[in-house]
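Residue numbers (my numbering), protein chains in the order written: chain A, 59 to 480; chain B, 18 to 99; chain C, 206 to 549.
Beta carbons: idealized from backbone N, C-alpha and C, even for Gly.
First up is the structure itself, then whatever we jot down about it.
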Amino acid sequence: MPEPAAGLSRAIHRVRHVAFGERTGYDGSTLTVDRDAAMARLASPALERIDLSWASPGEPVRIVKILDAVEPRTKGPGGGGIFPGFVGPARPQGRGITHVLQGVAVVAAGFLPRAQEAVVEMSGPVAELSPLGATHNLVVTFAKAPASSWEEVDLALRRGLLALAASLAEAALEVDPDTVEELPAQVPLAAGDLPRVGAVVNLQTQGAFKDVFVHGRSFAGSWPTLLDPNELDDGAVVSGQFGHPALKNPTFLHQNNPVVAALRARHDVDLRFAGVVICPEPVDQDSKAATAAVTARLCALAGFDAAVITKEGGGNADADIALKMDELDDLGIVAVGLFAEMPGPDGTGPSIVVPPSRATAMISTGNYDEPLVLPAVERALGGDSVHLVDLPATDELTLPTAVIYCSLSPLGWSSLRCEDAA
Amino acid sequence: MERAGITTALLCNLVSIAKRVGAPRIVPTRGIPFPTGDPSLPPAEEQAWRRRLVERALQALTTAVPAPTVFELDEMTNGRNV
Amino acid sequence: MSVTRVVHYVNQFFAGRGGEDAAGAGPDRVDGAVGPGRRLDQLLGDDFEVVATVHCGDDDASGRPEAIEEILALVQAEQPDLLVAGPAFTSGRYGLACARLAAAATAAGVAVVAAMHPDNPGVDEAKGAPVVASGAAAREMGPSLDRLAAAAKIVASGRALTADDGRVGRPRRVVSTADKPAAVRAVDLALARLRGDGNATEIPLPNFDQVTPAPPVDDLSSITLALVTEGGLVPEGNPDRLESARATRWMRYPIDGADALVSGDYQSVHGGFSTVYANADPHRIVPLDIVRELADAGTIGGVHDTYLVTTGNGTSVGNARRFGVEWAADLRRSGARAAILTAT
Numbered sequence: 059m060p061e062p063a064a065g066l067s068r069a070i071h072r073v074r075h076v077a078f079g080e081r082t083g084y085d086g087s088t089l090t091v092d093r094d095a096a097m098a099r100l101a102s103p104a105l106e107r108i109d110l111s112w113a114s115p116g117e118p119v120r121i122v123k124i125l126d127a128v129e130p131r132t133k134g135p136g137g138g139g140i141f142p143g144f145v146g147p148a149r150p151q152g153r154g155i156t157h158v159l160q161g162v163a164v165v166a167a168g169f170l171p172r173a174q175e176a177v178v179e180m181s182g183p184v185a186e187l188s189p190l191g192a193t194h195n196l197v198v199t200f201a202k203a204p205a206s207s208w209e210e211v212d213l214a215l216r217r218g219l220l221a222l223a224a225s226l227a228e229a230a231l232e233v234d235p236d237t238v239e240e241l242p243a244q245v246p247l248a249a250g251d252l253p254r255v256g257a258v259v260n261l262q263t264q265g266a267f268k269d270v271f272v273h274g275r276s277f278a279g280s281w282p283t284l285l286d287p288n289e290l291d292d293g294a295v296v297s298g299q300f301g302h303p304a305l306k307n308p309t310f311l312h313q314n315n316p317v318v319a320a321l322r323a324r325h326d327v328d329l330r331f332a333g334v335v336i337c338p339e340p341v342d343q344d345s346k347a348a349t350a351a352v353t354a355r356l357c358a359l360a361g362f363d364a365a366v367i368t369k370e371g372g373g374n375a376d377a378d379i380a381l382k383m384d385e386l387d388d389l390g391i392v393a394v395g396l397f398a399e400m401p402g403p404d405g406t407g408p409s410i411v412v413p414p415s416r417a418t419a420m421i422s423t424g425n426y427d428e429p430l431v432l433p434a435v436e437r438a439l440g441g442d443s444v445h446l447v448d449l450p451a452t453d454e455l456t457l458p459t460a461v462i463y464c465s466l467s468p469l470g471w472s473s474l475r476c477e478d479a480a
Numbered sequence: 018m019e020r021a022g023i024t025t026a027l028l029c030n031l032v033s034i035a036k037r038v039g040a041p042r043i044v045p046t047r048g049i050p051f052p053t054g055d056p057s058l059p060p061a062e063e064q065a066w067r068r069r070l071v072e073r074a075l076q077a078l079t080t081a082v083p084a085p086t087v088f089e090l091d092e093m094t095n096g097r098n099v
Numbered sequence: 206m207s208v209t210r211v212v213h214y215v216n217q218f219f220a221g222r223g224g225e226d227a228a229g230a231g232p233d234r235v236d237g238a239v240g241p242g243r244r245l246d247q248l249l250g251d252d253f254e255v256v257a258t259v260h261c262g263d264d265d266a267s268g269r270p271e272a273i274e275e276i277l278a279l280v281q282a283e284q285p286d287l288l289v290a291g292p293a294f295t296s297g298r299y300g301l302a303c304a305r306l307a308a309a310a311t312a313a314g315v316a317v318v319a320a321m322h323p324d325n326p327g328v329d330e331a332k333g334a335p336v337v338a339s340g341a342a343a344r345e346m347g348p349s350l351d352r353l354a355a356a357a358k359i360v361a362s363g364r365a366l367t368a369d370d371g372r373v374g375r376p377r378r379v380v381s382t383a384d385k386p387a388a389v390r391a392v393d394l395a396l397a398r399l400r401g402d403g404n405a406t407e408i409p410l411p412n413f414d415q416v417t418p419a420p421p422v423d424d425l426s427s428i429t430l431a432l433v434t435e436g437g438l439v440p441e442g443n444p445d446r447l448e449s450a451r452a453t454r455w456m457r458y459p460i461d462g463a464d465a466l467v468s469g470d471y472q473s474v475h476g477g478f479s480t481v482y483a484n485a486d487p488h489r490i491v492p493l494d495i496v497r498e499l500a501d502a503g504t505i506g507g508v509h510d511t512y513l514v515t516t517g518n519g520t521s522v523g524n525a526r527r528f529g530v531e532w533a534a535d536l537r538r539s540g541a542r543a544a545i546l547t548a549t
């Protein structure tokens, strides 16, 4: 293991095979999970029953009613501060070494109120549209304890998922990683000729079951703030948002923020990564406008020449991008927004509900209503039926892209887009 | 609806969206989940608030507008939603 | 060369059947060209003949689900080589009917061209069928017919109509897979803009049409006011299964005789916000209590006997626009003149 740099070292351990077994362990290739020990991490008075299953790439398996997904990571025994506010104390992380079990996700699936039905395919043509189509997924299904509220179930699942993810990664603490990625501590304002480009990350904050947590606390009602990008790697941002499956940002993608990754990859090549601003998505117009104005000022203070703005959620959240694009434009900062388009199944309707009025640099992440055919599968996890089409979960299904988990990823994970027909 | 001659007052919170899509008569409300209410108020006061919103909407309906026009209620913000 | 058989579709007004009083009339046909069709026939020349005119009332054509199918059946009975619809100018219901007829004709293999103003909401309903620009109002009939006749000749010849020919409507958006994820392309775009490419974008900015406001209501005490909402408020249990998101339908529910909406009898199925408040008091979405009081006091003439509802959550702009036109037709048929629309 190299000496930790001043920033964060990500020790990447690739998981190629998974199994259940007597003891949880990782041998540099196979992750074995002790089912009873894993259940103990998830146990809560709010959960009457818990089941665990593996769903791996290439299997004829469908996961339905997916809630959150977490990549197993730890900074040491007991988590070493990972997932601050949930597993570790609510303090900034992003320094030292973080061990990552790459190729695995811990996934909760089942009913929660306000959750919109999300689907992942482990094989077939739709598998590649979701990040979970390419990971070995430890799927947690559950039954609510009769005396508990759904809010208690939600909290128990979130705590349990994060604790389990941290504990699984401990199996890799003594194993040599496949690679180590060095992430610098900070990007000094000192110039050079390269333009400074940062990320503006809007987090959905619409109350229970549609909320996002920062350092363990709901981000609703907060003002935008600068965040050390390395904190994202250590789980500072955790999802509790279960609406809009295709337009959802699970914890897994906050840990692996695609815009942050793209900016890091080009840091000191053709740009300088100027930092991350996280913003709530308020539910009323005045607060949306105020948040946009504050965000633009923060970006200016942090010396951004350009910002890439992402959202979570549907048309309402388009306003949170559009308003910020205009505010940034007014301050002379280039603003690029990522938008999922909604032109209808045949692509003939107008695309964007709330476009910016002055800024115009927009990236397309695909069509919300594009119909997809999912071939029949042998096994379904998370539920027996797909309520949206009222069919058994293992049937051949025709579903819109809108229900495929992260397929139109507002964080830019997906390669889907729309273009004008010739 | 306006195009087909149905004079319409739109009560909504997301005024910027309403203006951008060209809704001619807009009355701003206090929150997305309750256009014609305000659950923070006692029932009688909430009903009074609803009456004022509806009356403002009726006023909008009787007003000629050339373009999207917002019909604010005076104490709209009143320390909230700011 | 044999003569190209043309059927012309117009609304009740241009067929000479009457104005708003005849907007509810069903589909019908007459031999030969009528009204603007006569000039169209002349412009098309000797190789073309308008063999029949099919017409329908605007409310019926835009509001009744089977109307377009029936109109198309009348068209097909003439065994036309070409269907020409409009020009509909900026008339929403007429434009919608022309566009939907064009879409249905295209699906049925009938060559077609429709004409309307670029801002007509019907443009979005043509589903890729050719639509050519017309003027905004009937006083621009002359130049509108010139362009329509030229476009009709192009379509009849089997060539594709282009923007240079006056074709309107945004190009269809088709899904593709890019060679890089959106996040990487976003950074590319930011750098392109910083290099001075001020137009680079993947989404050409949509141009929301300008709404011409309806005239104000002169006398509230003489009108029937309708309550309409996109807040997803339905009877408890959602008997018609209105969608909680991505709505493709709207519903109407009776409120005649009711002074108020009883808590517990209604629920909101809207998937985009917390419905706790609406479920506790449905008047937070549909303010029937106050509106009924104002009607009883004579401030307004009356309350429409149903409220109209859909769910505005992830609903495509095309569908939302269609609901608007259909609601307007529905309200006009039943005499409502103004509406309060609550949005969440």
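Exposure label - residue i; buried when at least 16 CB within 10 Å
i                 : result
HIS260 of chain C : buried
ASP376 of chain A : buried
ASP442 of chain A : exposed
ARG344 of chain C : exposed
GLN174 of chain A : buried
HIS509 of chain C : buried
GLU339 of chain A : buried
SER296 of chain C : buried
THR353 of chain A : buried
GLU63 of chain B  : buried
GLN343 of chain A : buried
Where the beta strand (DSSP E) through residue i begins and ends
i                 : result
THR25 of chain B  : 24 to 29
ASP478 of chain A : 474 to 478
TYR458 of chain C : 456 to 459
THR237 of chain A : 237 to 241
LYS268 of chain A : 268 to 272
ASN195 of chain A : 194 to 202
is_contact[residue i, chain C] using C-beta, thresh 8 Å
i                 : result
PRO56 of chain B  : yes
ARG322 of chain A : no
ILE421 of chain A : yes
CYS337 of chain A : no
Min CB distance residue i to chain B below 8 Å
i                 : result
ASP342 of chain A : yes
HIS488 of chain C : yes
ALA377 of chain A : yes
VAL76 of chain A  : no
PRO418 of chain C : yes
THR547 of chain C : yes
is_contact[residue i, chain A] using C-beta, thresh 8 Å
i                 : result
PRO376 of chain C : yes
LEU31 of chain B  : yes
GLY48 of chain B  : yes
ILE43 of chain B  : no
ILE23 of chain B  : no
Boundaries of the alpha helix (DSSP H) in which residue i is found, first to last residue
i                 : result
ALA214 of chain A : 208 to 227
PHE310 of chain A : 309 to 313
Residues bridged to residue i [DSSP beta-bridge criterion]
i                 : result
TYR214 of chain C : C:VAL259 and C:ALA290
PHE397 of chain A : A:SER422
Cβ-heavy atom distance, residue i to the ligand NAD, below 7 Å
i                 : result
THR132 of chain A : Judged by which ligands are present, the structure shown has none, so any question about the ligand NAD falls away.
Check: Name the residues in the region 380 to 409 of chain A whose C-beta lies less than 7 Å from a C-beta of chain C; which are they?
Finding: Taken in chain order, the members of the region 380 to 409 of chain A whose beta-carbon sits within less than 7 Å of a beta-carbon on chain C are VAL392, VAL394, LEU396, PHE397, GLU399, MET400, PRO401, GLY402, ASP404, GLY405, THR406, GLY407, PRO408 and SER409.
Next item on the list: Please list the residues of the region 390 to 408 of chain C that have a C-beta atom closer than 7 Å to any C-beta atom in chain A, keeping them in chain order.
Entry: Within the region 390 to 408 of chain C, those residues whose Cβ lies closer than 7 Å to any Cβ of chain A are, in chain order, ARG390, ALA391, VAL392, LEU394, ALA395, LEU396, ARG398, LEU399, ALA405, THR406, GLU407 and ILE408.
Checklist line | Proximal residues, the region 88 to 119 of chain A versus chain B, C-beta separation under 8 Å | finding: Cβ proximity to chain B below 8 Å picks out nothing from the region 88 to 119 of chain A.
Next item on the list: Pull out every residue of the region 174 to 189 of chain A whose Cβ sits closer than 7 Å to any Cβ of chain E, in chain order.
Entry: Note that chain E does not occur in the displayed structure, where the protein chains are A, B and C.
Next item on the list: Give the residues from the region 147 to 160 of chain A that approach chain C closer than 9 Å (Cβ to any Cβ), ordered along the chain.
Entry: Residues passing the 9 Å Cβ filter: none.
Notebook entry, point to check: Which residues, in order along the region 252 to 266 of chain A, keep a beta-carbon less than 8 Å from a beta-carbon of chain C?
Noted result: Look at the region 252 to 266 of chain A: the residues with a C-beta under 8 Å from a C-beta of chain C are PRO253, VAL255, GLN264, GLY265 and ALA266.
Notebook entry, point to check: the region 410 to 439 of chain A: which residues have C-beta closer than 8 Å to a C-beta of chain B, in chain order?
Noted result: Correct list: VAL411, VAL412, PRO413 and SER415.
Notebook entry, point to check: What are the residues of the region 231 to 245 of chain C that lie near chain A, defined by any Cβ-Cβ distance shorter than 7 Å?
Noted result: Listed by position along the chain: nothing, the set is empty.
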